[in-house]
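The number in my numbering is simply the position in the sequence shown, starting from 1, with 110 added.
Backbone N, C-alpha and C fix where the C-beta goes; we use that ideal spot for every residue, glycine too.
Computed from a predicted structure; not experimentally measured.
Written out below as structure tokens is the structure these notes cover.
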Amino acid sequence: MTNICSNKLPPAKLKVKYDNYLRPANLDLMQTTQVNKEIWDHLPLNTRTRDIKLQKVQMGNWKGLTALTCLISKANLDKEAVLKKLTDALALLGTANIDLNQYRRDQIEPDLKQDYQNLCDKSTPFSKLLFGEDISQKLRDINEANKLGKRCMPSFRGRGQSNRDGRGKSRGRGLGNYRYQPFL
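See below:
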């Protein structure tokens, strides 16, 4: 057991193990959660790279869950304690997967415009896609809520807004000091 926990499997052996545990057709959510294409296409390379690494961790988690699920569904176990331990393992691995999904969202959140960072909220349900199904509708809802919120709030003149003569206040050294702007 110590060897299993302290040494990674070589890539060839890992692939064979992964191939042995295919997701049951009736468990649609039992797979690595993908980032919605509408968001993925606009993420910076470093964010994509970081997320791909997390997806690999998540893949191992799901394959372990699949192995346990197959064992539970096929075994006629007489001992309730064994079944309870296996069920506990499923619950713990499932919770770890939810935490991993939320961590992935948290890593993507700084790359989103502030208006759309609510997509990363813990209350947003997961599906096969990291930000849930029908992200287009969610984005429209967020836009509408932001418009309503801006109508209700008084406007304040502050940094970066125009002054009396209509010229904006400058921050930084112009285009030479351009910083990455979040998308969406």
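- Nearest neighbour of residue 167 by Cα position, chosen from 179, 143, 222, turns out to be 143.
- Distances from the alpha-carbon of residue 126 to those of 170, 163, 242 put 170 closest.
- By the Cβ-count criterion, residue 186 is exposed, with fewer than 16 other Cβ atoms from all chains shown falling within 10 Å of its own Cβ.
- For residue 253, the closest alpha carbon among the candidates 235, 155, 227 is that of 227.
- Shortest Cα-Cα distance from residue 148 to any of 256, 162, 264, 241 involves 241.
- Within its own chain, the residues whose Cβ lies closer than 8 Å to the Cβ of residue 178, once the five positions on either side in sequence are excluded, are 196, 199, 200, 203, listed in chain order.
- With respect to the C-alpha of residue 152, the residue from 218, 224, 248, 234 having the closest C-alpha is 218.
- For residue 179, the enclosing alpha helix (DSSP H) starts and ends at 155-184.
- Following the DSSP letters along the chain, one finds residue 259 inside the alpha helix (DSSP H) bounded by residues 245-262.
- Counting along the chain, residue 126 sits inside the alpha helix (DSSP H) bounded by residues 121-130.
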